[in-house]
Amino acid sequence: MKTVFSPRHAGHSGQTELVGGEIVPGFENPSRARFIRERIDAVGLGPVIEPGPHDIALAKRVHKPDYVDFLPNAWPMWRVAGHSTPAMPFVWPAPGLRSDVPPDTIEALLGYYSFDAGATFVEGTWEAIKSSFDTALTAASLVKEGERSAFALCRPPGHHAGSASMGGYCYINNAAVAAQWFRDQGAQRVTILDVDYHHGNGTQEIFYARGDVQVINLHGDPLTEYPHFLGHADEHGTGDGEGFNHNYPLPAGTDWAAWNAALEDALRQLSGFAPEVVIVSLGVDTFERDPISHFRLRSDDYPKMGSRLAKIGLPTLFVMEGGYAVEEIGINAVGVLTGFES
Ligand code: SP5
Ligand code: ZN
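Position one of the sequence shown corresponds to residue 12 (the numbering used here), numbered consecutively onward.
Following this line, the structure appears as structure tokens:
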């Protein structure tokens with residue numbers, strides 16, 4: 012399997028996040044991509060190529076144009092305002108406040124375009140966001156050109172990013188952009204299967220009223236797990252999208268047996284939809300030793316996951332999302348891919 016990877020992710024470094032009232036170093040850091048990259052070489056997964064540039068206009072097919080235009084401006088505006096720390100929002104237009112009037116200051120704009128404080132900006136953040144977007148589209152092209160599968164080693168991840176909101180380490184929704192690109196290229200039906208520990212709220216929101224992109228999520232129950240405010244089992248889509256969204260919230264402690272049972276049900280939904288291409292939002296924060304998550308998948312479960320996904324028998328694009336146990340992230344993520352090829 013070919014991997015698409017850009018070293019331009021690396022400037023997105025030294026971000027902070029709020030955990031339990033404290034500002035701490037971000038769990039989402041450059042070593043994640045480095046460990047995965049190294050594991051690809053160690054197991055000989057296949058060639059690693061750099062992405063080519065893609066028109067950012069493609070991002071505006073799934074995100075609001077003003078949101079996409081904001082992203083490259085966030086860090087420069089933050090610096091002009093006199094800050095040198097990572098840019099982090101602190102105030103949001105919750106229900107009862109007005110969200111129809113974009114504010115003028117960067118401090119307010121960060122909240123206007125986010126749903127949490129989890130997507131911070133540093134000097135290299137925009138370059139990394141753009142490289143991650145390019146990575147997803149370059150890998151999508153490989154699948155379109157006939158590869159059975161490809162791996163977009165995206166960083167930063169994307170599945171929490173909604174139509175006009177960043178959050179949860181995500182800015183542009185790479186999997187959603189790839190799905191839209193496949194549609195634009197003529198695919199009639201695309202499925203996004205999100206196996207990250209956290210519900211892919213952004214992906215769900217983007218396609219919620221659409222019947223051409225099926226969205227399936229297996230994740231920690233939002234009653235206790237981030238992102239908390241989306242991802243319940245009764246969210247089935249709306250309008251033209253009614254019946255095309257499927258959520259599998261699972262309890263803390265879920266192991267492979269229970270996770271796999273949910274996957275089997277999810278794959279029945281997928282087969283019924285009969286997509287032409289599958290996009291896997293690949294997070295490996297379901298791992299038993301992930302520092303921010305509560306499932307119990309083991310390293311030898313990931314090849315089983317990959318092998319089952321291969322049995323679907325469809326062209327498959329893997330897009331990297333979360334996973335924070337950096338020592339094992341390469342073993343687990345690449346384990347899915349080698350399992351797919353076995
Ligand atoms: C892409 C992705 O996986 N994003 C995840 C974002 C999760 N952000 C908040 C998680 C809060 C969990 N609490 C941390 C406790 C650490 N001891
Ligand atoms: Zn996650």
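The beta-carbon is built from N, C-alpha and C at its ideal position, and this holds for glycine as well.
Where T214 is concerned, there is no enclosing beta strand (DSSP E), although the alpha helix (DSSP H) around it starts and stops at N212 to F218. Within the segment 50-106, the runs of alpha helix (DSSP H) at least 4 residues long that lie entirely inside it are, in chain order, 76-91.
For V188, the uninterrupted alpha helix (DSSP H) run begins and ends at N185 to D195, by DSSP. Three or more pairs of CB atoms, one per stretch, sit closer than 8 Å, so the segment 171-186 contacts the segment 120-131. Three or more beta-carbon pairs separated by less than 8 Å link the segment 202-209 to the segment 291-306, which places the two stretches in contact. In the pairwise beta carbon analysis, the segment 149-158 is classified as not touching the segment 33-45: fewer than three pairs are separated by under 8 Å. Taking each of D223, G242, W267 and V224 in turn and checking the Cα distance to G231, the smallest one comes out for G242. By the Cβ-count criterion, T116 is exposed, with fewer than 16 other Cβ atoms from all chains shown falling within 10 Å of its own Cβ. Each of D207, Y208, H209, G294, D296 and G333 has a C-beta closer than 5 Å to some heavy atom of the ligand ZN; these make up the full list, in chain order.
The C-beta of G63 has fewer than 16 other C-beta atoms within 10 Å across all chains shown, which makes the residue exposed. Closest by C-alpha distance to S318, out of L82, E49 and L274, is L274.
Note that the segment 183-200 touches the segment 65-76; at least 3 beta-carbon pairs, one per stretch, sit closer than 8 Å. In this structure, DSSP gives A163 an extended state, which the three-state scheme calls strand.
A Cβ-Cβ contact shorter than 7 Å links S17 with T146. In the DSSP annotation of this structure, the continuous segment of the beta strand (DSSP E) that includes V288 starts and ends at V288 to L293. Here G122 really is in contact with F101; their C-beta atoms are around 7 Å apart, less than 8 Å.
Between the ligand SP5 and the CB of Y180, the shortest heavy atom gap is smaller than 6 Å. Contact annotation: C165 and M331 have beta-carbon atoms nearer than 7 Å. Residues of the same chain with a CB within less than 7 Å of the CB of G341, apart from the 5 flanking positions on each side, are F46, I47, E49 and R50 in chain order.
Note that the C-beta distance between D296 and S304 is below 7 Å. According to the DSSP assignment, I203 belongs to the beta strand (DSSP E) that extends over V201 to D205.
About 5 Å separates the Cβ atoms of P314 and G346, confirming a contact at the 8 Å cut-off. Excluding residues up to 5 positions away in sequence, T27 lie with their Cβ nearer than 7 Å to the Cβ of P36 in the same chain. Distance between P87 and H20, taken at the CA atoms: about 18 Å.
Cβ atoms of G22 and A139 come within 8 Å of each other, at about 6 Å.
With respect to the C-alpha of T265, the residue from D111, T249, L308 and T96 having the closest C-alpha is L308. By the C-beta density criterion, A186 is buried, having at least 16 other C-beta atoms within 10 angstroms. Taking 8 Å as the upper bound for CB-CB distance, G333 and A344 are not in contact here, some 10 Å apart. Excluding residues up to 5 positions away in sequence, P100, S176, M177 and G178 lie with their Cβ nearer than 6 Å to the Cβ of S125 in the same chain. CA-to-CA, the gap between K13 and V201 works out to about 21 Å. Taking C-beta atoms under 8 Å as the contact rule, N184 and I217 qualify, at a distance of about 6 Å. N212 is a Cβ neighbour of P238, given a cutoff of 7 Å.
Closest by C-alpha distance to L328, out of R300, K155, F306 and G350, is K155. Comparing alpha carbon positions, the residue from T235, L229 and P262 closest to E246 is L229.
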